[in-house]
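Below: the structure, in structure tokens.
Residue numbers (the UniProt record's numbering), protein chains in the order written: chain A, 1 to 365; chain B, 1 to 119.
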């Protein structure tokens with residue numbers, strides 16, 4: 001098909017095909033949505049042992065170490081206070097306090113390293129270039145995520161020093177002559193690592209990991225159910241320009257100094273919502289039956305009548321919790337334990353507001 | 001066994017028609033996590049959306065393959081939707097219909113024709 005011609009491929013494309021992956025278009029890339037194991041088993045495997053994800057479609061950007069102050073204008077996060085060898089979750093905000101993208105920022109000593117979403121990468125880069133000097137886009141490095149309780153054991157076989165890293169630590173390690181930029185982080189709720197490495201070495205490295213019995217390749221399908229169980233936001237679904245970080249419940253990502261000093265895009269609204277509370281908040285829902293409530297399902301306060309009070313932004317079945325789960329923006333005055341109703345195929349089905357994550361995190365802090 | 005273009009299989013048991021989905025359909029759907037069965041003793045017309053299957057990926061409808069009455073549903077699927085992936089042609093039948101005019105099944109595909117159909 002003509003459309004396929006323009007899809008980009010990662011350095012692991014041939015390996016995905018060899019492993020029997022089902023490839024789908026995703027944010028302009030041809031990516032594995034699942035392998036023969038299937039979404040459910042891939043999800044459970046990652047929670048039980050270790051999963052290897054190709055996330056090379058994500059944007060990798062380097063900024064000069066001196067760009068921290070300028071970057072702080074674009075994100076409500078403390079960048080200048082981020083220690084060397086540490087990483088932090090952040091989001092680009094617009095003047096109205098909406099979220100342009102979410103990202104990871106690392107202080108790698110002589111530079112800052114950013115990882116942004118594939119779908120937003122080009123816009124993010126233009127945005128960065130509008131505000132700061134020395135934006136360097138990395139196009140020759142792959143990005144892999146190794147996630148799960150066995151991730152440390154597995155990666156330490158190749159590089160023993162990674163066992164000593166704590167959650168959100170960032171280090172550089174050599175592997176067979178290649179320079180690996182490793183962070184102890186991920187987006188599954190599990191302990192694990194994200195590894196940036198030269199694209200032309202990615203397949204060799206991935207094969208080495210996949211040869212270990214604990215490791216299975218995991219596609220985007222399970223990546224989504226894993227991050228949803230972990231209560232983590234997916235850009236373009238749970239967060240976007242119509243949601244603020246406070247409505248999204250991301251207050252924890254805004255450090256004290258930024259709250260007092262402000263000086264970032266959208267500070268007026270974000271700081272006001274921090275002080276007064278937002279009118280609506282991203283909440284977790286556990287449908288009481290087995291029917292999933294998917295993105296777009298309208299939420300009502302009552303079993304009959306009334307107008308919708310919110311909408312599901314992400315929803316599906318959680319293989320580890322063995323039950324459906326969803327996120328929705330709902331009026332802040334609704335408390336945990338309240339039963340609301342999601343309209344699925346014309347029927348209002350009960351769902352309880354619950355704290356997130358749905359499945360506990362197991363980060364190595 | 002007969003097959004429809006909607007990837008259902010039909011098996012005749014006396015004056016009843018047992019309906020399920022093909023292994024090809026179950027593979028395409030991926031892991032099934034929820035099945036909403038039709039209501040018992042309802043008259044359905046060919047093409048009616050009478051059943052919903054939710055997989056990890058999406059929701060899909062099952063259509064009534066012929067006119068008839070739903071006389072039995074497979075409650076085991078409500079408790080164990082994964083059966084649809086494990087044994088789509090056997091234990092994971094969805095419902096049984098009482099069908100007056102069995103000639104409705106004449107135009108459906110044989111197993112070989114269905115194999116050609118899915119390529």
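Ideal Cβ placement from N, Cα and C applies to all residues, glycine included. Since we're looking at a predicted model, the values are computed, not measured.
Determine, using beta carbons only, whether residue 81 of chain A and residue 257 of chain A come nearer to each other than 8 Å.
Contact: yes.
Comparing alpha-carbon positions, which option in A:123, A:118, A:137, A:49 lies nearest residue 61 of chain A?
The option with the nearest alpha carbon to residue 61 of chain A is A:137.
DSSP state of residue 117 of chain A, grouped into three classes?
Coil, per DSSP.
Shorter than 8 Å from the beta carbon of residue 32 of chain A to some beta carbon of chain B?
No, because no Cβ of chain B sits closer than 8 Å to the Cβ of residue 32 of chain A.
Counting only Cβ pairs nearer than 8 Å, list the residues of chain A close to residue 54 of chain B.
Here the neighbours are 291, 292, 317.
Listed in chain order, which residues of the segment 221 to 239 of chain A have Cβ atoms closer than 7 Å to some Cβ of chain B?
From the segment 221 to 239 of chain A, only 221, 225 have a Cβ closer than 7 Å to chain B.
Assuming residue 287 of chain A and residue 342 of chain A are in contact, meaning their beta carbons sit under 8 Å apart, how far apart are those beta carbons, in whole angstroms?
About 7 Å separates the two Cβ atoms, so the contact holds.
For residue 334 of chain A, name the three-state secondary structure that DSSP assigns.
Residue state, collapsed to three classes: coil.
Please classify residue 261 of chain A: is it buried, with 16 or more other beta-carbons within 10 angstroms of its beta-carbon, or exposed?
By the 10 Å Cβ count, residue 261 of chain A comes out exposed.
In the DSSP assignment, what are the bridge partners of residue 148 of chain A?
Answer is none; residue 148 of chain A lacks a bridge partner.
What number of angstroms, rounded off, separates the C-alpha of residue 23 of chain A from the C-alpha of residue 280 of chain A?
The straight-line gap from Cα to Cα measures roughly 37 Å.
If you run the structure through DSSP and keep just helix, strand and coil, what is residue 93 of chain B?
It is coil, neither helix nor strand.
Between which two residues does the beta strand (DSSP E) carrying residue 17 of chain A extend?
Where residue 17 of chain A is concerned, there is no enclosing beta strand (DSSP E), although the alpha helix (DSSP H) it sits in stretches over 13 to 18.
Taking the CB atoms as reference points, tell me whether residue 344 of chain A and residue 307 of chain A lie closer together than 8 Å.
For residue 344 of chain A and residue 307 of chain A, no; Cβs fall outside 8 Å.
What separation, rounded to the nearest whole angstrom, lies between the Cα atoms of residue 216 of chain A and residue 50 of chain A?
Each residue's Cα considered, the two are about 7 Å apart.
Check distances from the C-beta atoms of the segment 36 to 65 of chain A to those of chain B and list, in chain order, the residues that come in under 7 Å.
Cβ contacts with chain B: 38, 39, 40.
Indicate the three-state DSSP secondary structure (helix, strand or coil) for residue 64 of chain B in the structure shown.
It is coil, neither helix nor strand.
Name, in chain order, the residues that DSSP records as bridge partners for residue 85 of chain B.
Residue 85 of chain B is not bridged to any residue.
Between A:94, A:141, A:113, which has its C-alpha nearest residue 83 of chain A's C-alpha?
Of A:94, A:141, A:113, the residue nearest in Cα terms is A:113.
Provide the residue span of the beta strand (DSSP E) that contains residue 348 of chain A, from first to last.
Note, residue 348 of chain A: beta strand (DSSP E), 347 to 354.
What residues of chain A sit near residue 36 of chain B, judged by a beta carbon separation below 7 Å?
Residues of chain A passing the Cβ test: 291.
Can you give me the Cβ contacts of residue 357 of chain A inside the same chain, cut-off strictly under 7 Å, excluding the 5 residues immediately before and after it?
If we look at residue 357 of chain A and ignore the five residues flanking it on each side, its Cβ neighbours are 189, 229, 230, 231.
What residues in the segment 332 to 355 of chain A bring their beta carbon closer than 7 Å to a beta carbon of chain B?
Of all residues in the segment 332 to 355 of chain A, 345 have a Cβ within less than 7 Å of some Cβ in chain B.
DSSP three-state call for residue 327 of chain A: helix, strand or coil?
Three-state DSSP puts residue 327 of chain A in a strand.
Taking the alpha-carbon of residue 204 of chain A as reference, which of A:176, A:43, A:255, A:20 has the nearest alpha-carbon?
With distances taken between Cα atoms, residue 204 of chain A lies closest to A:176.
Alpha carbon to alpha carbon, what distance is there between residue 333 of chain A and residue 167 of chain A?
Those two C-alpha atoms are separated by around 34 Å.
Look at the Cβ atom of residue 313 of chain A, then the Cβ atom of residue 238 of chain A, and state whether they are nearer than 8 Å.
A contact, by the Cβ cut-off of 8 Å.
According to a CB-to-CB cut-off of less than 8 Å, which residues of the segment 18 to 31 of chain B neighbour chain A?
Per Cβ criterion, the list reads 30, 31.
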